[in-house]
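S.K.:
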Amino acid sequence: MVYSHPDKLLIDHLNNVYKLGKEIFARKKLNFDNQEEIEKALSIILLAHDFGKATSYFQQKLKESSKNNVEANKQIEFDQELSKHSHISALLAYQFADQILEDKTLVWIVFINVYRHHSNFKDLDIMLKFDDSDWLKLEKQFRALDLNELDKITAEISDFNFKLSSIKFDNLKSKFTNWRFRKTLRTFNNNSNKDFNYYLISNLLFSILIFADKAEAIFYSKGYSFEDLKKVTLNRKKLPDNLVDNYRKFKGWDRAGSKINERRNEIYDEVIDQVENLNFENERILSVNVPTGAGKTISVFSAALKLRNRTSQDFRIIYALPFTSIIDQNYDVFLDVLNHSTIKADSTTIIKHHYLNAKKYFFNEEEKESQKLDYDIARHLIESWQSEIVVTTFVQLLHSIFSNRNRSLIKFNNISNSIIILDEVQNIPHKYWKLIKEFLSDMAEKLNCYFIFLTATMPLIYNEKKKEIKELAISKKDHFNFFDRINLDTSMFNQPLTVDQFKDFIEEELIKFNDQGFLIILNTIKSSIELYNHIEKLISEEVIEGDLIYLSTNIIPKERQKRINEIGKQKRQIIVSTQMVEAGVDIDLDRVYRDFAPLDSINQSCGRCNRNFDPDSKGTVKLIRLINENHNNKKYASYIYDDFLLKITSDIITELPRIVGEKYFFEMNQKYFNKIDRLKSNDNSEALIRKIKNLKYEKSFFKDENEEIFRLIDDDYNTVNLFMAVDEDSQELWEDYKEISALESNNIEEFMNKKAKFENIKKEFLSYVITIPKFTAEKHLEDEQLKNNFNYISPFQVEDVYNLSTGFKRGEIERETFF
466 MVYSHPDKLL
476 IDHLNNVYKL
486 GKEIFARKKL
496 NFDNQEEIEK
506 ALSIILLAHD
516 FGKATSYFQQ
526 KLKESSKNNV
536 EANKQIEFDQ
546 ELSKHSHISA
556 LLAYQFADQI
566 LEDKTLVWIV
576 FINVYRHHSN
586 FKDLDIMLKF
596 DDSDWLKLEK
606 QFRALDLNEL
616 DKITAEISDF
626 NFKLSSIKFD
636 NLKSKFTNWR
646 FRKTLRTFNN
656 NSNKDFNYYL
666 ISNLLFSILI
676 FADKAEAIFY
686 SKGYSFEDLK
696 KVTLNRKKLP
706 DNLVDNYRKF
716 KGWDRAGSKI
726 NERRNEIYDE
736 VIDQVENLNF
746 ENERILSVNV
756 PTGAGKTISV
766 FSAALKLRNR
776 TSQDFRIIYA
786 LPFTSIIDQN
796 YDVFLDVLNH
806 STIKADSTTI
816 IKHHYLNAKK
826 YFFNEEEKES
836 QKLDYDIARH
846 LIESWQSEIV
856 VTTFVQLLHS
866 IFSNRNRSLI
876 KFNNISNSII
886 ILDEVQNIPH
896 KYWKLIKEFL
906 SDMAEKLNCY
916 FIFLTATMPL
926 IYNEKKKEIK
936 ELAISKKDHF
946 NFFDRINLDT
956 SMFNQPLTVD
966 QFKDFIEEEL
976 IKFNDQGFLI
986 ILNTIKSSIE
996 LYNHIEKLIS
1006 EEVIEGDLIY
1016 LSTNIIPKER
1026 QKRINEIGKQ
1036 KRQIIVSTQM
1046 VEAGVDIDLD
1056 RVYRDFAPLD
1066 SINQSCGRCN
1076 RNFDPDSKGT
1086 VKLIRLINEN
1096 HNNKKYASYI
1106 YDDFLLKITS
1116 DIITELPRIV
1126 GEKYFFEMNQ
1136 KYFNKIDRLK
1146 SNDNSEALIR
1156 KIKNLKYEKS
1166 FFKDENEEIF
1176 RLIDDDYNTV
1186 NLFMAVDEDS
1196 QELWEDYKEI
1206 SALESNNIEE
1216 FMNKKAKFEN
1226 IKKEFLSYVI
1236 TIPKFTAEKH
1246 LEDEQLKNNF
1256 NYISPFQVED
1266 VYNLSTGFKR
1276 GEIERETFF
């Protein structure tokens, strides 16, 4: 008998993975020309991925690993290389595919999918390369295979008429070592007319394999049947397309009680009308470009539901945002819509996925009480996006589309056949616009997806005039003209100020407008703390009055959220912040003062002023330009932002009148993004496009000495995580963390138990963690305190290094950073 896992026959595991993977694929609607070939390739991958477990080496390892003795462990270590199964499985799968598939690139895809199904992708040519030691090992493994058992498995599970017992190892080896093979590979690499097809196919098949393989193994290990597995992973939920319509009626939003609500209703109706008349076979790249506060979120959610039902397909709705900090509020909106319907909003209906959220998965069974799945099953289902609605981040989404990582690609098959909403899409770096444009267009067509770009400041990734993107809010110019809530005051832009000069200026403003709320957004932690301390002194000396609040990533998340919740509860508040407040934080102040930044960031700042449209008075956003007199008058903006964007913004602002009404923002933003599109370099995008099409996975997404890899967030700083024990709750959490860290994790079960226990405290635990540059921490803390994932700052140290108002003490020689 040949086994795949302890007490599980290989034939049973392969049969289950084969059936599950084939069913997942059968439910997909895809638009590849060679669909039948792709399905055959998947069948071979699913069938053959564990053929290498039929070696005597693997079977011996399986037997010995169940024995709890030292000699067994020595034996396992001795045979470790020969007991590995992925490479020899891939070799057999290659021979299998080479006999059946006409497309030889698909044969390679079969090989790399099986070869790397327990690891990450490397570049195609590296994965297809063997050295002498590889062939020696593979030949030993081949000789140790039970080929007759594999013939039996093949015949029983599949319709393929192929006998592995007929394979001759020398013939197999010659296929990889002859000149024709290398010539074909060179031809593939040199073909500049390729599209993204093979990359999309490879990722899709790999995702189906690793999802089905891991799900089958995890469910089996927990005592669940294959029917249980299918029920959880294949059952889909219907979502009525009138969920938002009914919710709006319940809230009374369909009845306009004011001019702004009347306008929001017009935008809603317009978006829905366009969706209902969409040419959904050809119009797949869509946009909703309307001002902040126009009801974009609720409108696009309704549009997605209607599009999903109109196409009569179970499209997932994936709602992606640029920042983790704003996921909860959008998730809560969708959850509230679901909870005011007959839908049971469990994890099969909606999940949120980012690095902070706990891996907990709940489901309902008919009328039974909601049940929670085991941690490793829950983690698998959440990380593979096994839900109708997924609320997540750009990083999670785009680093799963553009990735070589096994763990990220597991969700790729659930990204196909989906409606993907990119909220605040202007946050995608301009150097990737060409890549995004070409790739998403291919992905939309081939994987049958829809993309909706959602923003008040639409970047020129796609050109509306050339009909590359369809706007759903067709009267957007009228909508921007209507939302005339603020004036952008650029009168001081050409008069650079030092921080000391700005202190004097803001003091005068605070005295002059003594009954109005202020939001002051500066670019660096150091400058923001310096200003906060000055205003705090003014209040203590009774020069001004007001409730002073400081916000930045320098304070622990728990305290940050508490302060955000307090905004708006006092009549006169003065908020000093860094740009973190632009990230969808729902606050509304009378006056905003913003240090120079790219125009899209300035727009975000404007969205924090007179947000709720006070009809009696316009809000004011005053743009200033701070310079550092101790650093050759360098702009503070240059510490944070791309000089390319700052130059374009400066050129635009110089052309503007001193006071710019919000109704002119649409035209201003168009000029900005047109100029970026005209002047930007496409070098990064073009290099990535070439590498991705050639299946250069590592050089595209992991490491390339010559060219840039795809990386959504630049990580140029060497940082440390500090756990600040500022109260009794934090001290208890740290003790819990120490207990969890001390647990044994010698096998997968112990490891998962350890992970599950941390998940239970993760959100609370991280609410006491700040991430700061290592050079900042080194001035206050010893080296040994900075070597762990989380570094403990005890109650005795907190007073020395952490200010309860402004956070970590930066010191006089602190460099300018935004975090």
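Here the working numbering is used: the first residue of the sequence shown is 466, the next is one more, and so on. All C-beta atoms in this analysis are idealised placements derived from N, C-alpha and C, irrespective of residue type, glycine included. Owing to the predicted nature of the structure, the values given are computational and were not obtained by experimental measurement.
Which parts of the segment 964 to 1047 are runs of the beta strand (DSSP E), unbroken and 3 residues or longer, counting only runs that do not cross its ends?
M.R.: Note on the segment 964 to 1047: whole beta strand (DSSP E) runs with a minimum of 3 residues are 983 to 986, 1012 to 1016, 1038 to 1042, in chain order.
S.K.: So what does residue 1074 bridge to, in DSSP terms?
M.R.: For the purposes of this step, residue 1074 is taken as residue 609 along the sequence shown, with counting starting at 1. The partner list for residue 1074 (beta bridge, DSSP) reads 1054.
S.K.: Thinking just about the alpha-carbon of each residue, which of 566, 572, 583, 545 is nearest to the one in residue 551?
M.R.: For the purposes of this step, residue 551 is identified with residue 86 of the sequence shown, where counting begins at 1. Closest by alpha carbon: 583.
S.K.: From residue 1236 to residue 975, what does the alpha carbon distance come to, in whole angstroms?
M.R.: Residue numbering aside, residue 1236 sits at position 771 when the sequence shown is read from its first letter. Residue numbering aside, residue 975 sits at position 510 when the sequence shown is read from its first letter. Near 32 Å, if we compare the C-alpha coordinates of residue 975 and residue 1236.
S.K.: Could you check what DSSP says for residue 689 in three-state terms: helix, strand or coil?
M.R.: Here the question's residue 689 lines up with position 224 in the sequence shown. It is coil, neither helix nor strand.
S.K.: Spell out a yes or no on whether the segment 884 to 894 and the segment 908 to 921 are touching, meaning 3 or more CB-CB pairs, one atom from each, closer than 8 Å.
M.R.: The segment 908 to 921 and the segment 884 to 894 touch, with three or more beta-carbon pairs separated by less than 8 Å.
S.K.: What does the Cβ neighbour count give for residue 1062, buried or exposed, with the cut at 16 atoms within 10 Å?
M.R.: In the sequence shown, the residue the question calls residue 1062 occupies position 597. With 16 or more other Cβ atoms from the protein chains shown falling within 10 Å of its own Cβ, residue 1062 counts as buried.
S.K.: Can you give me the start and stop residues for the alpha helix (DSSP H) that residue 1238 sits inside?
M.R.: The count along the sequence shown starts at 1 and reaches residue 1238 at position 773. DSSP places residue 1238 in no alpha helix (DSSP H) but in the uninterrupted beta strand (DSSP E) bounded by 1234 to 1238.
S.K.: With which residues is residue 785 paired in a DSSP beta bridge?
M.R.: As a working note, residue 785 is residue 320 in the sequence shown. Bridge partners of residue 785: 857, 887.
S.K.: Along the chain, where does the alpha helix (DSSP H) containing residue 598 start, and where does it finish?
M.R.: As a position in the sequence shown, residue 598 is number 133, starting the count at 1. Start and end: 597 to 608.
S.K.: Using three-state DSSP, classify residue 522 as helix, strand or coil.
M.R.: Residue numbering aside, residue 522 sits at position 57 when the sequence shown is read from its first letter. Residue 522: helix per DSSP, three-state reduction.
S.K.: Would a C-beta distance cut-off of 8 Å place residue 843 and residue 825 closer than the cut-off?
M.R.: As a position in the sequence shown, residue 843 is number 378, starting the count at 1. As a position in the sequence shown, residue 825 is number 360, starting the count at 1. It is a contact, given that the beta carbons lie within the stated cut-off.
S.K.: Roughly how many whole angstroms lie between the Cα atoms of residue 1025 and residue 933?
M.R.: Here residue 1025 is taken as the residue at index 560 of the sequence shown, counted from 1. Here residue 933 is taken as the residue at index 468 of the sequence shown, counted from 1. Each residue's Cα considered, the two are about 41 Å apart.
S.K.: Between the C-alpha atoms of residue 977 and residue 1037, what's the straight-line distance to the nearest angstrom?
M.R.: What you label residue 977 is simply residue 512 of the sequence shown in a count that begins at 1. What you label residue 1037 is simply residue 572 of the sequence shown in a count that begins at 1. Straight across, the Cα-Cα distance linking residue 977 with residue 1037 is about 13 Å.
S.K.: How many angstroms separate the CA atom of residue 718 from the CA atom of residue 667?
M.R.: As a first step, residue 718 must be located in the sequence shown, where it is residue number 253. As a first step, residue 667 must be located in the sequence shown, where it is residue number 202. C-alpha separation (whole angstroms): 46 Å.
S.K.: With three or more beta-carbon pairs closer than 8 Å as the criterion, would you say the segment 961 to 974 touches the segment 927 to 944?
M.R.: no
S.K.: So, is residue 688 buried or exposed, given that buried needs 16 or more other C-beta atoms within 10 angstroms?
M.R.: Locating residue 688 in the sequence shown gives position 223, counting from the first residue. Flag for residue 688 reads exposed.
S.K.: Taking its Cβ as the centre, do 16 or more other Cβ atoms sit within 10 Å of residue 509, making it buried, or is it exposed?
M.R.: Here residue 509 refers to the residue found at position 44 of the sequence shown. By the neighbour-count rule (16 or more Cβ atoms within 10 Å), residue 509 is buried.
S.K.: I'd like to check one pair, residue 1113 with residue 1083: are the Cβ atoms closer than 8 Å?
M.R.: Within the sequence shown, numbered from 1, the residue matching residue 1083 stands at position 618. Within the sequence shown, numbered from 1, the residue matching residue 1113 stands at position 648. No. Outside cutoff.
S.K.: Tell me the rounded alpha-carbon separation between residue 848 and residue 475.
M.R.: Here residue 848 is taken as the residue at index 383 of the sequence shown, counted from 1. Here residue 475 is taken as the residue at index 10 of the sequence shown, counted from 1. Each residue's alpha carbon lies about 26 Å from the other.
S.K.: To the nearest angstrom, how far is the alpha carbon of residue 728 from that of residue 950?
M.R.: Within the sequence shown, the letter at position 263 stands for residue 728. Within the sequence shown, the letter at position 485 stands for residue 950. C-alpha separation (whole angstroms): 14 Å.
S.K.: Could you check what DSSP says for residue 849 in three-state terms: helix, strand or coil?
M.R.: Counting from one through the sequence shown, the residue named residue 849 turns up at place 384. Residue 849: coil per DSSP, three-state reduction.
S.K.: Could you check how far apart the C-beta atoms of residue 478 and residue 674 are, in whole angstroms? I think they sit under 8 Å.
M.R.: Within the sequence shown, residue 478 is the residue found at index 13, counting from 1. Within the sequence shown, residue 674 is the residue found at index 209, counting from 1. Rounded, the Cβ-Cβ distance is 13 Å, inconsistent with contact.
S.K.: Quick check on the DSSP output: what are the complete alpha helix (DSSP H) runs of length 4 or more inside the segment 1185 to 1237, in order along the chain?
M.R.: Correct list: 1193 to 1206, 1213 to 1231.
S.K.: What does the Cβ neighbour count give for residue 644, buried or exposed, with the cut at 16 atoms within 10 Å?
M.R.: The sequence position of residue 644 within the sequence shown is 179, counting from 1. Classification for residue 644: exposed.
S.K.: Could you say which of 1149, 633, 494 lies nearest to residue 901 if we only look at CA atoms?
M.R.: Taking the sequence shown and counting its residues from 1, the one referred to as residue 901 is at position 436. Considering only alpha carbons, the answer is 1149.
S.K.: If you draw a straight line from the C-alpha of residue 777 to the C-alpha of residue 660, how long is it?
M.R.: Walking along the sequence shown from the start, residue 777 turns up at place 312. Walking along the sequence shown from the start, residue 660 turns up at place 195. Cα to Cα, the separation comes out at about 29 Å.
S.K.: Please specify which runs of the beta strand (DSSP E), each continuous and at least 3 residues long, are wholly inside the segment 609 to 675, giving them in chain order.
M.R.: none
S.K.: Per DSSP, what kind of secondary structure is residue 1256 in: helix, strand or coil?
M.R.: On the sequence shown, residue 1256 is found 791 positions in, with the first residue counted as 1. Residue state, collapsed to three classes: strand.
S.K.: How about the segment 615 to 625 and the segment 1188 to 1196: do they share at least three Cβ pairs that are nearer than 8 Å?
M.R.: Touching, no, given that fewer than three Cβ pairs across the two stretches are closer than 8 Å.
S.K.: Using the three-state DSSP reduction, which class does residue 762 fall into: helix, strand or coil?
M.R.: Within the sequence shown, numbered from 1, the residue matching residue 762 stands at position 297. Here residue 762 sits in helix by DSSP.
S.K.: Just verifying my parser: in three-state terms, what is the DSSP assignment at residue 482?
M.R.: Residue numbering aside, residue 482 sits at position 17 when the sequence shown is read from its first letter. In the structure shown, residue 482 sits in a helix (DSSP, three-state: H, G or I).
S.K.: Pick out whichever of 511, 504, 549 has its Cα sitting closest to the Cα of residue 524.
M.R.: For this step, residue 524 is matched to residue 59 along the sequence shown. Of the listed residues, the one whose Cα sits closest to residue 524 is 549.
S.K.: Just the C-alpha distance for residue 898 and residue 906, rounded to the nearest angstrom, thanks.
M.R.: Sequence index remark: in the sequence shown, residue 898 carries index 433 (1-based). Sequence index remark: in the sequence shown, residue 906 carries index 441 (1-based). Those two C-alpha atoms are separated by around 12 Å.
S.K.: Using 8 Å for Cβ pairs, my map puts residue 695 next to residue 512. What's the rounded Cβ distance?
M.R.: For the purposes of this step, residue 695 is taken as residue 230 along the sequence shown, with counting starting at 1. For the purposes of this step, residue 512 is taken as residue 47 along the sequence shown, with counting starting at 1. Not really, about 18 Å apart at Cβ, beyond 8 Å.
S.K.: Can you give me the Cβ contacts of residue 496 inside the same chain, cut-off strictly under 7 Å, excluding the 5 residues immediately before and after it?
M.R.: Residue 496 sits at position 31 when you count from the first residue of the sequence shown. Cβ within range, chain order: 910, 911, 913.
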